Structures are given as C-alpha cells and as structure tokens.
Amino acid sequence: MLFNSGQFLLFFPAVILLYYIIPAKHSVARRVFLLAASYYFYMCWNARYGLLILGATAVTYAAARLLSKTESPRKKKHIMIGGLCIVFAALAYFKYTNFLLENAERLLQSVAPGASVPRFDILLPVGISFFTFQAAGYLIDVYRGQTPAETDFVRYALFVSFFPQLVAGPIERSRNLLGQLDCTNRFDYDRLRTGFLMMLQGYFMKIVIADRASVFVDTVFGSPDNLAGSLYIAAVTVFTFQIYCDFCGYSLIAIGAARILGVDLMQNFNAPYHGISVRDYWRRWHISLSTWFRDYVYIPLGGSRGGKVKYYRNLMITFLLSGLWHGASWNYVVWGGLNGFYQVLEGLTDSFLHGKTGQKPDPARMGTGRKLFGTVRTFLAIDFAFIFFRARGLKDAMRILRQIFRAPQWAAVSAPGLYEYGLGRPDWILLILSLVLLMALDSVLNRGKDPADLVLNRPLPVRIILYALCITLILLFGIWGNAYDAHSFIYFQF
Amino acid sequence: MKMNGKLKKFICVLAVIALTAVNLAVLNYALRDDYAYSRYQPFMDHSEDIDVVFIGSSRVVNSVNPMQLWHDYGITSYNFGNSAFGIENSYWSFRLSLRHHIPKIAVLDVFGASRPETDKLQLGLAHNGLDMYPLSLEKVRAVRAIYADPADQLELLFPFSVFHNRWSGLTLASFLPSGKPPVTDTNGFEFFYAREGSVPQPQIPENETLDRDNPPLGCRYIPEFIDLCRENGITPVLMFIPHEVEPERQREANTARLIAKEKDVVFWDLREDGFFNDLTDSADPNTHLNPIGAAKVTGALGERLSAGADGISAADHRGEAGYERWDALYDTYRQNLKTAICAEDSYERLLLRLADDGFGAYFLTFQGYEPGPEEQALIDVIPHNYGFESGNEAENPENCDLRVYVYDTETSEELKIFSFRRMTSEDTNLPLNENE
Chain A
1 MLFNSGQFLL
11 FFPAVILLYY
21 IIPAKHSVAR
31 RVFLLAASYY
41 FYMCWNARYG
51 LLILGATAVT
61 YAAARLLSKT
71 ESPRKKKHIM
81 IGGLCIVFAA
91 LAYFKYTNFL
101 LENAERLLQS
111 VAPGASVPRF
121 DILLPVGISF
131 FTFQAAGYLI
141 DVYRGQTPAE
151 TDFVRYALFV
161 SFFPQLVAGP
171 IERSRNLLGQ
181 LDCTNRFDYD
191 RLRTGFLMML
201 QGYFMKIVIA
211 DRASVFVDTV
221 FGSPDNLAGS
231 LYIAAVTVFT
241 FQIYCDFCGY
251 SLIAIGAARI
261 LGVDLMQNFN
271 APYHGISVRD
281 YWRRWHISLS
291 TWFRDYVYIP
301 LGGSRGGKVK
311 YYRNLMITFL
321 LSGLWHGASW
331 NYVVWGGLNG
341 FYQVLEGLTD
351 SFLHGKTGQK
361 PDPARMGTGR
371 KLFGTVRTFL
381 AIDFAFIFFR
391 ARGLKDAMRI
401 LRQIFRAPQW
411 AAVSAPGLYE
421 YGLGRPDWIL
431 LILSLVLLMA
441 LDSVLNRGKD
451 PADLVLNRPL
461 PVRIILYALC
471 ITLILLFGIW
481 GNAYDAHSFI
491 YFQF
Chain B
1001 MKMNGKLKKF
1011 ICVLAVIALT
1021 AVNLAVLNYA
1031 LRDDYAYSRY
1041 QPFMDHSEDI
1051 DVVFIGSSRV
1061 VNSVNPMQLW
1071 HDYGITSYNF
1081 GNSAFGIENS
1091 YWSFRLSLRH
1101 HIPKIAVLDV
1111 FGASRPETDK
1121 LQLGLAHNGL
1131 DMYPLSLEKV
1141 RAVRAIYADP
1151 ADQLELLFPF
1161 SVFHNRWSGL
1171 TLASFLPSGK
1181 PPVTDTNGFE
1191 FFYAREGSVP
1201 QPQIPENETL
1211 DRDNPPLGCR
1221 YIPEFIDLCR
1231 ENGITPVLMF
1241 IPHEVEPERQ
1251 REANTARLIA
1261 KEKDVVFWDL
1271 REDGFFNDLT
1281 DSADPNTHLN
1291 PIGAAKVTGA
1301 LGERLSAGAD
1311 GISAADHRGE
1321 AGYERWDALY
1331 DTYRQNLKTA
1341 ICAEDSYERL
1351 LLRLADDGFG
1361 AYFLTFQGYE
1371 PGPEEQALID
1381 VIPHNYGFES
1391 GNEAENPENC
1401 DLRVYVYDTE
1411 TSEELKIFSF
1421 RRMTSEDTNL
1431 PLNENE
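Residue numbers (our numbering), protein chains in the order written: chain A, 1 to 494; chain B, 1001 to 1436.
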C-alpha cells in the first residue's frame, strides 16, 4: 500500500479511528490491532512476504531472549552472530543472489568465454533492507546490553513491522521505539495537527515535486539515444531534488502518521542541501541509516581511532557498504565509494589547511560567503555522485559521463527544446517555484526552527484557511489519479 | 470548560474539511469536462415535458434530431446518445437520469450489444454520460457495475481526480459561468458533417444471433433496460439504425429482435424501411450517419411515433399551452443553423447542410464545370434545389467554377452567395477549393 494511494487515505483514518476507539487501558488489544494493521499494510503488496517479516521477527526475538538468559560472553557472541546470519541470509538471498551470480558469470567468462551461470527469478520484497536492519540493530543492542530483550512478542513484532516506517524507514532504534509501543496514549489534538502538517509537507514533496521531477528525469535517463550532455546535467540536478523530495517526503508522512498514533520517530532529514561539507551533508541525509552504519559498522571497525589511515579506511568501508545496501549493482557501490572518497578528500584538505587536528572552524562562526561556497561545492559533489545512483548501471553511468564531457551542447537545456522531455513550461515554472518554497522551508529548519511553526503560530482562522489551502493546492498540482501513473517511492526498492 | 475545548477542536477539524470541500467543488467546476454539461444541461434544467428519450451510442447522437421531431411532428424528445457508449453505459446513464425525469417512451439503439466488456476508451468517454449527475449511492452503484478497477471508479465518482491535471489551463473565465461553452441547442443531437461510403458487408440470415447462452456484456443489459423501463412506467422500444454494418452488428439486431419477442416489446429495425443510401447518407464507413441520413432516420421515427405504430404513440404538442419553450428552442436552433451555414467554407459540407428542409439553393456553373457522380448524388437530395445552370462568363469577375446561392426557405431571404474554384483544372471530381 502506497502512502500516495487512495487505499492509504482510507486505511489510515480508519486505523486512527479504531485505535483510539479501543480504550487506552486495553493496551494489549491496541498493540494487537496495530500489529494486524501493519501486517495488512505490508501484505497488500504480497501476502506471502508477511511470512518474511514474521520470520525475521521470530528469529531476532528468540535470539535476543536467548541472549538475555545467557551469561557466557562467547555464547552470547555466537547467538548474536547466528541470529544476524539468519536475518542477513534472507536479505542476501533476495537482494544479492543474482548480483553475485552475475559477477560470477563475468569472472567465469574471463576464463571460459561463453560460459553462463543461471539466475533465479527473485522478486525483491518491499522494504526488506529496512526491517532487516531494524531487527539486526535491535539484536546488536541487546547483545551490547544497551537495550533489554523484549519479552512481549506482540510489542516486539510491532517494533519490527510498525506500518508508518516499515517499508522505507526511518530505521528505528529499539531504545527509541520499543518503549513507545505501550499503546497507552490518549488522543492528542496537538499531535494530530503537527503530525498532519508533517504529512502535508510530505505529500507536497512527493506528489507535487518528486513525481513531477521524475517525468523529466525518467524521460532523459530512459532515452535509448545519446542525448546532449547538458540534458544529463539538468536531469541529474533535477534528480538530486527528486530523490530528496521523494525520500524525505516519505519520511515526513511516516513520522507524521506515527505522531498521530502517539509515536515519535527519529528525524530522517535535516535540510541536507544546506550542508557545508559532504560530511555535514551525511549528518543531515537519511540520518537513520547513516547513524545505523555509524553505530553498527563504522565504530565497531574502529571509527576514527587508530590514526588517519585507519579512519579513512573505515570511512571508505562504511560508505562502500552503504552503497551496496542501496542496490545490488556496481553503480551503487561507486556512488557509495564516491561519497566516502569525498570525505577522505575533505579530511585531507582540512588537515592541510587547519594543521594536525584537521578540525574545521565552528560553522556557526563561518562567514556567509564561506558557508555558501561550502554548500555549493557540496551540492555539486553530491550531484555528480548521483549520476551513478540514477544510471541504469555502471556502463550507463560511464556513457552519460562521456556525453557530459564530450558533447554538452548547452543550447539543449534552453526553452523550448527543454519542454520536449515530458515537462511543459507551466510544469517547469511550478517545479521551480515549489523548489524555492521547499528550500525556504529548509532554511528555516537549518536555523534550528520548526517550519510547522510558520502555520501553528498563526491565529486560528488563518490556520484553518492555510490547512484547507495547502490540501487544495497539493490535490490540484499533485501528480495523482488516473491521468498520471501513480509513482512508487524510490526507496521502496532498497 | 473541557468539553468546550474539545468542541472547539472538533469544529476546527470540521471547518478545515468543509473549506477544503468548498475549494474542491469550485475547482471541480472550473476544471470539469464541459462537453457533458453542455449536452445535458437542457435536460437537467427542463426535462419535465420530454416524452421520448433516445438512448445509445454515437450512432444515436448523430441520427436522431429532436428539433426535427418537434418541428415536423410536435414530439418532445431528448437525444441521450453518447460516443463510444456500450449498452451498459447507456443503461446506467439512463437509470441515473430517471431521478430527474421519467419519460413516456425510451428508445434504445441496440448497436454495441456484442461488446464483451467496457474498455479504457469508454472510460474517458464515460465522463460524458455520468459527470453531470451529482454524487449519489445510485451513481456509486452505476460506476461499480461498469468498472471493476478502483482507480477507474474513483475517476468517475470524483472527476477532479483526473481533471486536476488541467490546472495549467485555468483562467479566471474557467470559474465563471460566462467562461463555459454554450449549452446544446439540439437536445443532445449532433450533426456529423462528413460523407464517406461504406465497405460492403456480407449479409447474414436473421436466425444468426449473438451467443444467447453466454451473452456478451452489452446484450445482457438489453433485458435490464426493458425491466427498468417497465418498473418506472416507461414504454421501452428497441431499435436498430440502418447502415452497411458488419455481420457481428447484424447479429446484434437479430438478437434484439429475439429479445423483443421474448420480452414482448417493440423492435424497430429501421433497415427494413429501405431508405438508407450509402452514397449519400453515410458519414463514415459502417457506423455513423451524416445529416442526410439523420434526417431520414428522424423522419422514420417521427412517422412511427406520430402514427402510433405498434402501439407506440407520442403526442403532438405543437400549439399546446406550456410548450412555448419548444418553439423558442427551435427558433434558436434555426438561427444557429443559419449562422453556421453562412460561415461554412467547405463545398461538401455546404451540400450536406443544404439537405435541411429549411434551406434552398441555386447553382451557377462557369468554365464548363460539371459535378462528379458523388457530388451529383448529394445535389439530388437537396429538398429545395432551385436549379443548376451554366452562368454567363462575363458575370464571373472572380473567375470561379461554381457559385451557390443559399436561401432561407421560410423567409425566402438570400442568406449568402458562395463561390468555389476547382483545385485542378483537369479533374472536376476533385473537391473544390475553399470558398474565397
């Protein structure tokens, strides 16, 4: 079930209504209801994959319970590794089997030309990377003693499958989410309005900006011809905003929906394109995944301890793995590698410019010009890396790069030629205006303020008008309904 | 105090919902597909005195002219046909219309009875027959009965869900009644000004029918239509509009004949009247009729209805008190026809327009011009042809090949003189150049 489907617009109000109709004192009934709703939400895609979540839930629940009853550190380690192996094996099977077979075939062909390795017909379950990482994170937390093993299976199953964040995050930590799943909360009007506002912003980002941008991006990247390099530059720039609006939009809808149900999910994006360095960008982009990799990969590898070389090595390993998490294809690995490399480069530059410590000056004390320079430089670097992310493979990315450098043909990105790639003039104007509005909201967020206050601090009649106007404009300008193809969220595939 | 706070919040939520609904209603009005409203507004506004409705596909739209029925027979009628409508679409659109008005007689063209299912093309055109009806449980039933896909159902129940993609075309005029196209002056009838002969079709015997054991979707709705009419005290009639149609269409007619016999209703197979001339009456191959064909079909229906053929009779309301609006409607219709004929720039379309009893024409030819056989056939059916003569070359300063003088037969007023020139001097059969 997509957040931007009519089905969800019926499902979600029904869930809110029924959830709050069940008295708060019957918290078990509420949990069972939310669990059933979450499984229904997920099984709308493919009922059989409900078993997959159930399996991951059962394995990590049992492993954590075993951990809590085991004293021996060695045994504990074995239990944790065993549990992780099982859940990651499922992820590996569904996501990486054909990638491995494809690479094995290439290797084989270098020795025996014409050799082939058969592939499996595997359909990647929606959101498998997200719930697997969430369950794995819980098991590691229990192993580390950072969180107690959950005894209530229903509560734990709800933690793994809580529908707002089930298929594309935020990847929650047990420390934050499990405790909130008591389901004893009463209906809170303030939560309703703030959650609703977040959902509205999410829908605006998704169906007004991201889905509109995708029309142009898909047309350019999907073209079988070699188009002008400047068109690819324009398309990847638009894609940079598309993926942000798509994923951040999803996260906002998820966080807003959870908030209405009385659950506070972690922030997943914090004005990422205001980042003044790639490192800063990664503190703002897909925060739940970045911190997951930080806590469960980067720090266990040694983090920044043990000297610069080890630090850079750990950084590169973390980002290469992050690339691989996004997709079983070398272009994602290159994308991850590039993002790691940028940070290595920044580290080296900082060391050169700021002495042994390599510490940059406090951003709060940096001048506007320097900040702007950093922001633009970071955006360009991220934008360039996204060529590898959006291309249909490594070869395709290289073809696009060749076009960009060999045949930019700048005239191709001027009107009216630009209007031949799916978006007419009115759509371009709307897209640009929407992006300006979004960047303005992000700059409010960047200053540490909540953009929702722009609405919430107004007098009641103005607020009512603003709510109604926002809904109306999103419905008017959004890409939805039979006239358009409903677009899935990009991150569902990961 | 606590209750007041809750009540206030509840009212706030309701206010947001209400304001959003108002906004969407306004936008829905501005973005709606005006065609449906333009065609059906007269019915929605003044349906109380309509005795006969004609239901079916675009074949009905282009074949039955309620204005001619009024003028020639005093019959009050409405053309409820719709492009690409299967019988299932026609049935539900008609059923919804009964909430506004129950006519005395409903005539269903059975063309489309062989259609196995409702397709996507019809989805787009289904708006024409459904959008003007307000949202109701009956409309929900109609949409659910015709379309299985929830996305399609959503589109038809809330047209804004699809028409919001027209936002870039919004202007201030879109929100104002004056910015909307004028409503039809023909009670649903549309002229199809074209002429193209049909591909000859093999004729099948009358006993060849559609599969009765497992009838196609369209066929299943014919008995439903008959039952619906009877439940509402309406006299149902089945008909088949003449044309050179494919064997499958002939099976539709044969099946309708059987159903009519089984259900004891009248079936008017207008092919039996023998008036159809493919050379002059067909707008496109094997399907639609042009104004010449339409005038013949309407005349045949008018004769039957006024004579009480097969016990089906519609009253002549001409001159009756309370029917003055029909005269006014007809006057508007005639005035619009005059305006349209004066603006005509195609010779062939002009000939088709001249098939109307209200116009007459006199032809003067120059430079040895002689009409080709198809053109001659069209000239031959002009009811008021005042002559076709060679003109004096000295009186041809514009160097044309043909001059047509068009008159209003009721007032004898000369409406316009048209001059045409051959596209090539060698071939008189080629269409002539546009009026200069």
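Virtual Cβ for every residue (Gly too), placed ideally from N, Cα, C.
In this text, all values refer to a predicted model and were calculated from it rather than measured experimentally.
| Asked | Found |
| --- | --- |
| Pair within 7 Å by beta-carbon distance, B:Ala-1084 and B:Phe-1192 | no |
| Whole-number beta carbon distance between A:Gln-403 and A:Gly-229, since they are thought to touch under 8 Å | 4 Å |
| Environment of A:Trp-410 [buried if 16+ CB atoms lie within 10 Å] | exposed |
| Beta-carbon contacts of A:Arg-458 that lie in its chain and below 7 Å, excluding the five residues immediately before and after | Leu-466 |
| B:Glu-1155 at chain A interface by Cβ criterion, 7 Å | yes |
| A:Val-15 burial status per 10 Å Cβ neighbour count (16 or more: buried) | buried |
| Neighbour-count burial assignment, B:Ile-1226, 16 or more Cβ in a 10 Å radius | buried |
| Test item: CB-CB of A:His-286 and A:Asn-446 under 7 Å | no |
| CB of B:Cys-1342 within 7 Å of CB of B:Leu-1415, strictly | yes |
| Chain A contact residues for B:His-1164, given Cβ-Cβ distances below 7 Å | Leu-475, Leu-476, Gly-481 |
| Residue-level contact to chain A via CB, B:Met-1001, 7 Å cutoff | Low confidence applies to B:Met-1001: its pLDDT is 46, below 50, so where it sits in the model is not reliable, and the reading given next is rough at best. Cβ-Cβ to chain A under 7 Å: no for B:Met-1001. |
| Reduced DSSP secondary structure (H/G/I, E/B, other) of B:Ile-1292 | helix |
| Candidates A:Val-444, A:Tyr-312, A:Asp-121: closest to A:Pro-272 by CA position | A:Val-444 |
| Per DSSP, cross-strand counterpart(s) of B:Trp-1268 | B:Met-1239 |
| Unbroken stretches of the alpha helix (DSSP H), 4 residues or longer, contained in the stretch 287-369 of chain A | 287-293, 308-326, 330-354 |
| Contact set for A:Val-154: own chain, Cβ-Cβ below 8 Å, skip 5 residues either direction | Val-28, Arg-31, Val-32, Leu-35 |
| Sufficient close CB pairs (3 or more, under 8 Å) joining the stretch 1238-1257 of chain B to the stretch 1105-1112 of chain B | yes |
| Pair within 7 Å by beta-carbon distance, B:Asp-1386 and B:Met-1067 | A small fix is needed here, since residue 1386 of chain B is Tyr in this sequence, not Asp. No; because the gap between Cβ atoms is not below 7 Å, this pair is not in contact. |
| Short CB-CB distance (under 7 Å) between A:Ala-29 and chain D | Of the protein chains in this structure, namely A and B, none is chain D. |
| Residue interval of the beta strand (DSSP E) (run including B:Glu-1414) | 1414-1420 |
| Residue interval of the alpha helix (DSSP H) (run including B:Arg-1249) | 1247-1263 |
| The stretch 161-170 of chain A in contact with the stretch 253-272 of chain A per 3-pair CB rule at 8 Å | yes |
| Residues bridged to B:Val-1052 [DSSP beta-bridge criterion] | B:Ser-1077, B:Ile-1105 |
| Helix, strand or coil at A:Gly-417 according to DSSP, with G and I counted as helix | helix |
| Contiguous beta strand (DSSP E) assignments of at least 3 residues, all confined to the stretch 417-453 of chain A | none |
| Beta-carbon proximity of B:Phe-1418 to B:Val-1404, cut-off 7 Å | yes |
| Supposed close pair B:Leu-1210, B:Pro-1202 - CB separation, criterion 8 Å | Incorrect: roughly 17 Å between the Cβ atoms, too far for contact. |
| Neighbouring residues, chain B, relative to A:Thr-194 (Cβ below 7 Å) | Those do not exist, as A:Thr-194 stays about 13 Å from chain B at its closest Cβ, beyond 7 Å. |
| A:Val-278 vs A:Ala-397 beta-carbon contact at 7 Å | no |
| Contact list for A:Leu-460 against chain B, beta-carbon separation under 8 Å | Cys-1012 |
| Cα-Cα separation, B:Tyr-1323 to B:Asp-1316 | 11 Å |
| Where B:Phe-1191 falls: helix, strand or coil (DSSP) | coil |
| Contact with chain B by A:Ile-400, beta-carbon distance below 7 Å | no |
| Under 8 Å (Cβ pairs) to chain B, residues found in the stretch 79-99 of chain A | none |
| CA-to-CA distance, B:Arg-1318 to B:Arg-1059, given in whole angstroms | 27 Å |
| Own chain residues within Cβ distance below 6 Å of B:Glu-1252, not counting five before or after | Val-1110, Ala-1113, Ser-1114 |
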